[in-house]
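This report concerns only the one structure given below.
Number of protein chains: 2
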Amino acid sequence: MSGDKRSNLLLLFDRPQEPCFMPKGDNNSVFDVPQDYLPEKYKPVGQVVVSRFGESETGPNPKIPVKRISVPPLDEIQEIRRDENFSLFIPKHRKIAGRLINIFLGVKSVDDLLSVAVYARDRVNPYLFNYALSVALLHRPDTQNLDLPSFIHSFPDKFVDAKVFSEARETATVVPQGNRVPIEIPKDYTASDLEEEHRLAYFREDIGVNLHHWHWHLVYPFEAAREVVNKDRRGELFYYMHQQIMARYNFERLCNKLKRVERFIDWKGEIKEAYFPKLDSQVASRSWPARVAHQKLSNLRREVDQIVVDIDDLERWRDRIFEAINKGVVRDAQGNNVQLTEFEGINVLGNMIESSILSPDRGYYGDMHNMGHVFISYIHDPDHRHLESFGVMGDSTTAMRDPIFYRWHGYIDDIFQKFKSTLPRYTEDQLGYSGITVDEISLESNNAKNNLQTLWQQSDVDLSRGLDFQPRGAVFVRFTHLQHVPFSYNIVVNNSTGGNKEGTCRIFLSPKHDERGNPWLFRDQRNMMVELDKFRVNLKQGRNIIKRASTQSSVTIPFERTFRDLDTNRPTGGDALAQFNFCGCGWPQHMLIPKGTPEGMPCQLFVMISNYADDRVDQDVSGICNDAESFCGIKDRKYPDRRNMGYPFDRQPRDGVNSLQEFLTPNMRVQDVTIKFNNRVFQKAM
Amino acid sequence: MSGDKRSNLLLLFDRPQEPCFMPKGDNNSVFDVPQDYLPEKYKPVGQVVVSRFGESETGPNPKIPVKRISVPPLDEIQEIRRDENFSLFIPKHRKIAGRLINIFLGVKSVDDLLSVAVYARDRVNPYLFNYALSVALLHRPDTQNLDLPSFIHSFPDKFVDAKVFSEARETATVVPQGNRVPIEIPKDYTASDLEEEHRLAYFREDIGVNLHHWHWHLVYPFEAAREVVNKDRRGELFYYMHQQIMARYNFERLCNKLKRVERFIDWKGEIKEAYFPKLDSQVASRSWPARVAHQKLSNLRREVDQIVVDIDDLERWRDRIFEAINKGVVRDAQGNNVQLTEFEGINVLGNMIESSILSPDRGYYGDMHNMGHVFISYIHDPDHRHLESFGVMGDSTTAMRDPIFYRWHGYIDDIFQKFKSTLPRYTEDQLGYSGITVDEISLESNNAKNNLQTLWQQSDVDLSRGLDFQPRGAVFVRFTHLQHVPFSYNIVVNNSTGGNKEGTCRIFLSPKHDERGNPWLFRDQRNMMVELDKFRVNLKQGRNIIKRASTQSSVTIPFERTFRDLDTNRPTGGDALAQFNFCGCGWPQHMLIPKGTPEGMPCQLFVMISNYADDRVDQDVSGICNDAESFCGIKDRKYPDRRNMGYPFDRQPRDGVNSLQEFLTPNMRVQDVTIKFNNRVFQKAM
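Residue numbers (the numbering used here), protein chains in the order written: chain A, 1 to 686; chain B, 1 to 686.
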């Protein structure tokens with residue numbers, strides 16, 4: 001019974017704009033909403049509308065009792081209108097979300113929570129409600145183990161072509177359930193190949209990639225209660241996760257005959273890239289604003305959003321950050337000097353640049369990365385004269401769709417790299433693992449050796465739980481995404497230490513040549529190194545053959561997890577479900593391998609076995625999902641690798657090392673591989 | 001029975017995206033669609049979906065038989081996809097529309113027309129279908145007297161805030177019919193007062209104004225069968241109707257403390273005005289693209305629309321037009337010289353500049369005004385790389401919403417005025433009416449003399465016939481528009497000719513001062529003269545008192561006609577209904593009087609009695625609607641005033657005349673009046 005009650009809370013995520021008294025979930029449950037809980041507009045017709053949905057064809061609908069309690073006033077919360085867009089980048093929105101979270105956390109029992117949530121649901125902004133209730137359910141002790149629905153199920157409009165929604169309405173209205181066919185989203189709907197940047201749309205608009213990014217920022221918020229924000233090495237992870245996105249994006253660009261991203265450094269100049277997202281906000285009933293070619297940032301005077309900030313502010317923050325990097329010292333809010341240390345400096349910088357509330361002095365170093373998003377997202381209406389909302393850069397769910405995201409993060413990453421360049425270089429001693437040699441590495445896929453294969457795949461997802469005010473029943477959309485043929489690593493390691501050893505196997509992939517077709521200098525190639533996997537290995541004496549499947553990657557989660565339509569690959573154990581939302585974080589498995597080229601893209605596979613004694617973090621992680629630990633860490637635990645993230649490529653090379661080959665110590669190895677792209681579309685069961 | 005059959009055709013305008021086999025009209029009729037008529041996507045589930053809508057709660061729905069005939073292939077027509085936007089400004093769209101019209105005109109009987117229309121309806125683009133079927137019904141002899149629904153009923157999305165549609169869906173789904181309340185559209189939803197141009201939004205976004213503009217261009221297409229285009233003095237009416245729009249807009253600007261419109265003359269410079277229409281196309285599932293501040297035109301390479309044209313082309317056309325004006329001679333397609341005569345030159349120029357197919361040489365003088373619309377409407381995506389459709393300037397239904405419309409037409413009008421300046425000035429003889437004097441003029445409204453009163457009014461319109469794929473039943477929206485208190489003119493005319501006379505009473509209104517607060521020079525004020533009314537008067541000997549109600553205006557149609565919700569003010573007589581669509585053309589009565597100011601805007605009322613002997617056009621207009629003849633002419637008849645349109649203000653004044661006062665002959669009179677604006681919102685029953 002208690003389990004039932006709690007899962008009623010999840011029905012509140014269903015069809016977010018349909019009032020609580022309308023049928024929810026698979027069995028058409030209706031909340032028994034007290035009359036005085038009805039939102040104002042339904043009070044005059046309360047009895048009529050409530051009784052209207054009490055029955056369906058199969059008889060009376062199951063009723064979910066709602067306790068009548070004294071609900072705190074929501075006036076402040078309602079300052080964000082129901083039909084607005086909502087963004088955690090906007091301080092005012094963040095503050096209001098915090099209040100609603102506190103209300104949800106403050107009530108005593110699950111019954112009371114259900115009551116106050118029902119009261120709030122049809123009054124407050126639906127995006128805000130979803131966010132605040134999600135956070136509360138994740139943090140209340142009495143709501144652990146609940147399986148929150150994927151964000152795309154509540155708000156599919158943030159992920160798919162706006163055209164889908166009228167088609168879905170047509171299908172749901174006209175075609176009986178058994179006869180429906182999936183609605184196909186064209187692969188190229190935001191632009192054509194005439195726009196060079198559109199070659200990367202499959203990456204930027206990938207549903208799994210965007211869900212990952214939303215999830216990451218949900219798990220690592222930059223502002224919330226301190227115990228939520230202050231996760232182990234979160235600043236460093238901010239740097240590393242985004243650095244890896246940049247490495248991946250640049251890798252994809254080379255696959256598509258485009259040069260690496262140009263940093264967005266001239267903040268008063270034109271942004272040449274345009275982006276037309278072609279997404280509608282179903283809640284705001286507004287399409288996401290486009291950015292046309294050659295627009296410029298302006299100082300922001302968005303009083304309604306309580307954002308008043310100049311480009312000059314951004315420049316001042318930048319200059320202070322550089323000052324800190326070059327001096328190796330930051331100031332804290334009390335005016336004390338704090339050293340940027342070799343190992344932990346990057347974490348401080350991450351919190352400072354992002355910024356999070358962990359920034360040493362947010363007043364002084366400002367809010368650079370976040371405000372960059374905000375400046376860009378309001379480029380079309382900087383003083384709100386046109387009553388326009390923010391563009392896609394203003395929401396972590398949609399930001400990665402826009403080419404400028406990568407130019408902005410290219411700039412941000414460059415600052416981190418400038419800091420990394422000030423650090424002592426790794427010595428051969430710090431890199432090597434005496435007595436351990438990697439003798440051979442190879443990839444195997446479909447009997448092809450060292451030749452990865454990519455292709456287009458079509459997958460279906462049911463969006464009906466997010467389609468408000470239309471007939472029930474599944475409505476699938478079919479979208480096309482990159483995929484690769486699964487493969488495995490074969491690694492031969494020799495252990496001549498005379499005893500059993502443990503190591504961490506670190507696998508990276510990089511393009512073999514730069515955009516001019518030249519071999520890389522190490523200092524450039526290191527930034528192109530895409531982490532594919534990282535895992536612990538036991539090394540017996542002598543020859544060890546390590547086999548590892550691509551699906552086991554420490555950066556990815558299975559495709560199905562993203563959508564949670566299937567119950568596979570779900571973690572088991574004590575509080576498995578509690579972990580599940582955390583585990584939604586992770587790079588999508590289907591995007592593990594860059595697209596490659598039809599002729600076969602020459603790449604370099606890098607494998608290193610590091611000394612586990614220097615890597616290990618002592619903690620119990622049993623029963624905790626850790627599929628994508630490299631990108632997302634582990635819930636309530638320390639980041640599971642003691643090295644700086646990105647090791648061994650996070651620093652400039654030691655003197656004399658100019659190429660990857662020269663960088664190698666015996667416990668590393670490089671293998672030429674190719675990625676061959678098959679430009680055909682396959683159905684899921686390939 | 002025949003009457004029934006024909007009105008079944010009108011059901012095809014109902015819920016344009018819902019297939020024919022779904023219930024239509026008040027009695028839920030369904031078309032009995034032959035299986036092989038079903039669109040491809042419904043063929044696999046044909047029996048299921050068709051039988052699904054055969055019954056409603058009250059029993060089987062009435063079936064409308066559909067004859068199975070051999071339908072011509074529609075492949076070419078379907079080159080415009082169903083989910084595209086449609087525009088007559090795009091030559092390719094025009095051509096395809098022409099073909100579909102020909103198909104509809106070519107079938108033999110009403111039964112056959114119904115059959116082919118049913119077949120086409122769920123295959124071709126809904127906007128295109130509406131347009132082609134409308135034109136066909138207007139022109140087929142066997143479909144006269146049919147009362148076509150107002151365009152806003154089929155496509156409300158072209159007229160009202162996009163937010164309305166999700167609210168309407170919520171209302172229709174949640175609230176039973178008797179309990180629904182109108183959905184209110186905020187008066188200011190496209191921008192705020194921080195944007196100066198927004199002060200005019202009530203004018204530009206007025207539903208009646210935009211319906212008029214759409215209607216005008218439907219009645220006076222610039223390209224179609226020659227007998228449709230070649231209406232009496234259509235080129236001159238193009239000039240005059242738009243000149244009056246400019247006069248009215250500039251008048252409104254002065255009321256709002258804004259200077260007159262700056263012509264859009266620098267085609268390679270920035271357009272400083274932005275416009276965010278906040279309209280969604282429900283058919284295309286795309287919002288109408290915005291134009292941000294400071295964008296520039298580009299050469300167009302929209303191959304998909306078959307539009308490849310340079311700004312240089314536009315400049316060449318312009319220069320050739322000026323060449324013609326300054327020489328007083330145009331060339332025709334055969335290379336012959338044609339004089340621009342005093343009376344008919346303006347008509348030639350109108351057709352040339354717009355341009356219509358009546359242009360003397362469209363190859364040489366180009367397509368200037370139309371292409372200006374097209375250039376501006378594609379400013380955000382000139383080469384279609386971003387797969388974007390045109391902005392609001394690309395559709396006559398929406399163009400008047402955008403501030404740039406008035407800058408472009410300001411430029412166009414200026415060319416016409418340059419031509420008018422080359423014409424001989426009216427002599428006192430041409431202006432006077434010997435023996436006729438206007439002795440007194442005044443306005444009376446609510447017992448106030450010479451003081452017009454304006455206010456905000458709210459009106460409701462039922463949009464449910466245009467709301468596809470949602471539950472039935474009326475859904476009203478409530479919008480706020482300008483209104484004035486009805487008034488009447490009192491005109492005292494003395495006839496000392498010694499006999500009965502006839503005259504044309506011409507009434508104009510103009511602001512008294514320019515934007516600097518100075519009195520006008522006549523040469524500027526003449527362009528500010530807003531025609532309020534024009535009617536024939538009989539003048540007996542001696543003193544005549546003429547009373548005329550503001551609602552009788554020759555430029556307006558009643559508000560209700562715009563929406564056709566009411567059966568009032570409908571013309572009677574033989575082919576009354578046939579005229580009805582023509583009669584939808586006309587300036588909305590509620591916009592007859594500019595807004596004025598709270599303190600009372602000083603204006604000048606001008607009345608002239610001209611000699612009817614010089615004005616008269618001999619024709620029978622009995623039974624033909626002519627409410628808005630000044631703006632729209634009379635269907636299938638000559639323009640009912642022999643003078644040049646705009647007379648007596650269409651030319652520069654005779655020598656020695658610098659002010660309006662000096663311009664007057666005894667048959668004219670000027671009276672100071674004020675327009676006082678009451679900034680409150682009244683419900684319809686005021």
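Quick reminder that beta carbons are idealized off the backbone N, C-alpha and C, glycines included.
Predicted model only: the values in this text are computed from it and were never measured.
Can you give the Cα-Cα distance for residue i and residue j, rounded to whole angstroms?
i	j	result
B:A172	A:L237	48 Å
B:R705	B:N626	The structure shown does not extend to residue 705 of chain B, since chain B is modelled only from 1 through 686, so no value can be given for it.
B:C585	B:Y42	38 Å
A:P594	A:S154	30 Å
A:E344	A:N351	11 Å
B:F419	B:V617	25 Å
B:E354	B:I265	17 Å
B:Q483	A:E262	55 Å
A:G3	B:D75	Here the model assigns A:G3 a pLDDT of 48, short of 50, so the residue's position is not dependable, and the following value carries that caveat. Taking the straight line from one Cα to the other gives about 58 Å.
A:V555	A:L9	31 Å
A:D468	B:I80	30 Å
A:F390	A:R301	13 Å
B:D112	B:I101	14 Å
B:C632	B:H215	9 Å
B:R506	B:G646	10 Å
B:F682	A:Q295	42 Å
A:V607	A:I634	24 Å
A:D193	B:F405	32 Å
A:L566	A:T454	Reliability fails at A:L566, whose pLDDT of 38 lies under 50, so the model's placement of it is uncertain and no value is given.
Do residue j and residue i have their beta-carbon atoms positioned less than 7 Å apart in this structure?
i	j	result
A:S510	A:Q604	yes
B:V724	B:L463	Given that chain B is displayed from residue 1 to residue 686, the structure contains no residue 724 of chain B and the question cannot be resolved.
A:P23	A:V30	yes
B:Y37	B:Y119	yes
B:L128	B:F89	no
B:T401	B:E205	Looking at the sequence provided, one finds Arg at residue 401 of chain B rather than Thr. Cβ distance < 7 Å, so B:R401 and B:E205 count as in contact.
B:W288	B:L297	no
B:V229	B:I357	yes
Return the bridge partner residues of residue i from the DSSP annotation.
i	result
B:D458	Correcting the residue identity first, residue 458 of chain B is Gln in this sequence and not Asp. BP columns for B:Q458 point to B:T480 and B:Q683.
B:F508	B:E531 and B:F606
B:E502	B:N538
B:D672	B:Q604
B:R331	B:N337
A:N494	A:T437 and A:R543
A:T597	A:K676
Open item on the list: I'd like to know if the region 138-150 of chain A and the region 57-67 of chain A are in contact, where contact means that at least 3 CB-CB pairs between them fall below 8 Å.
Closed with: no
inquiry  = Please list, in chain order, the residues of the region 415-441 of chain B that have any C-beta partner in chain A closer than 7 Å.
reply    = none
message = I'd like to know if the region 301-318 of chain A and the region 376-396 of chain A are in contact, where contact means that at least 3 CB-CB pairs between them fall below 8 Å.
response = yes
- Looking at chain A, which residues of the region 37-71 of chain B have a Cβ within less than 7 Å of any of its Cβ atoms? V45, V48, V49 and R52
- Message: Whether or not the region 498-507 of chain B and the region 535-547 of chain B are in contact is what I'm after, with contact meaning three or more pairs of Cβ atoms, one per stretch, closer than 8 Å; do they touch?
- Response: yes
Check: What residues in the region 85-101 of chain A have a beta carbon less than 7 Å from any beta carbon of chain B?
Finding: none
* Asked: Between the region 264-283 of chain B and chain A, which residues of the former have a C-beta closer than 9 Å to a C-beta of the latter?
  -> A274, Y275, F276, K278, D280, Q282 and V283
Q. Taking Cβ-Cβ distances below 8 Å as the criterion, which residues of the region 457-478 of chain B are in contact with chain A?
A. D468, F469 and Q470
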